[in-house]
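With my numbering, you'll find the sequence shown wraps up at 262, consecutive numbering, no jumps.
What follows is one structure encoded as structure tokens, with my remarks underneath.
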Amino acid sequence: SMSAGSGTTMHHVALQRLADQIAAPLAGGAAGGAGPLDAWRKRSVRLRQFSDQQKQEEIFQDSVTFLMESDTWTFGNMAAYQRKVLELAGGTSWRRRFSQDDPSLLHLEKELRIMEAMTPSELMSNHKSVFTTEAKKMIAEKAGVSQREVDNVIMNHDILRADRRWYQILRQFNRPMPKSFEDRQYMGEYDRPFSESEKEFQEDMMEKHRRDSRKQPPRLFNVFYRQPSCGGNRWSTRPPKWYPAQWRVRQQRQ
């Protein structure tokens, strides 16, 4: 799945959720009481929330650094980026044993498992054209996932390549970079260039709209049918003389 405009995929959503979990705000710190103690608690909560926001921004900046490290964006480099992101999100720490059912970590691990199931020639490639239908089936069978999830990983590679191009343009012209996941999603709506997959998706939607607009309007059928050889308006909505009287309106029965 992909958000139109900003290029936000499940990879970005999972990484943002993990960043929120790592920098979870302190709950219940400002409840109850009044006076100096209550003011101190509220100040502690504000400082903690500010620290949490800084932590989220650090995680995003580290992920951008990992994304921009390699000169070329091959599937092998994407796998290396995914390993670093997993380590940053705590996927290899001792806390991982207590979060076996975390959907965000499971999603990132599944993406890495799909890339590890690729052949060396596929990992050296930087374009989706190297993957045939049979190759996708074999990768899905080896990784234990569906073929649709393999297509999503290939699409994520193209989306992240567009992110790399966007960040390179921002750096080249000394423009402000997004500082968090929210900034990336907001700025991506109007500033981020489309990837090849997004352009194809947009063209498919426009072609579908053109096909629908060219469709003939539906024909109107009535309960009676006028024979073409009888003359008169074939599609008239007024009942003919031979139509049963009980179906006519009250004025016509007289």
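All C-beta atoms in this analysis are idealised placements derived from N, C-alpha and C, irrespective of residue type, glycine included.
Keep in mind the model is a prediction, meaning the values are calculated, not measured.
Item: DSSP state of Thr-73 mapped onto helix, strand, coil; Value: helix
Item: Phe-189 beta carbon less than 8 Å from that of His-19; Value: no
Item: Proximity to Lys-63 [Cα-Cα], best of Asn-182, Lys-223, Leu-26; Value: Leu-26
Item: Gly-196 burial status per 10 Å Cβ neighbour count (16 or more: buried); Value: buried
Item: The segment 175-194 / the segment 138-155 touching (three or more Cβ pairs under 8 Å); Value: no
Item: Whole-number beta carbon distance between Leu-131 and Thr-80, since they are thought to touch under 8 Å; Value: Their Cβ separation, rounded to whole angstroms, is 12 Å, which puts Thr-80 and Leu-131 out of contact at 8 Å.
Item: Between the CA atoms of Pro-225 and Met-126 - distance to the nearest angstrom; Value: 49 Å
Item: Separation of Gln-180 from Phe-68, as counted between CA atoms; Value: 20 Å
Item: Entirely enclosed alpha helix (DSSP H) segments - the segment 116-198, minimum 4 residues; Value: 128-131, 141-151, 155-180, 189-196
Item: Phe-209: first and last residue of the uninterrupted alpha helix (DSSP H) it sits in; Value: 204-221
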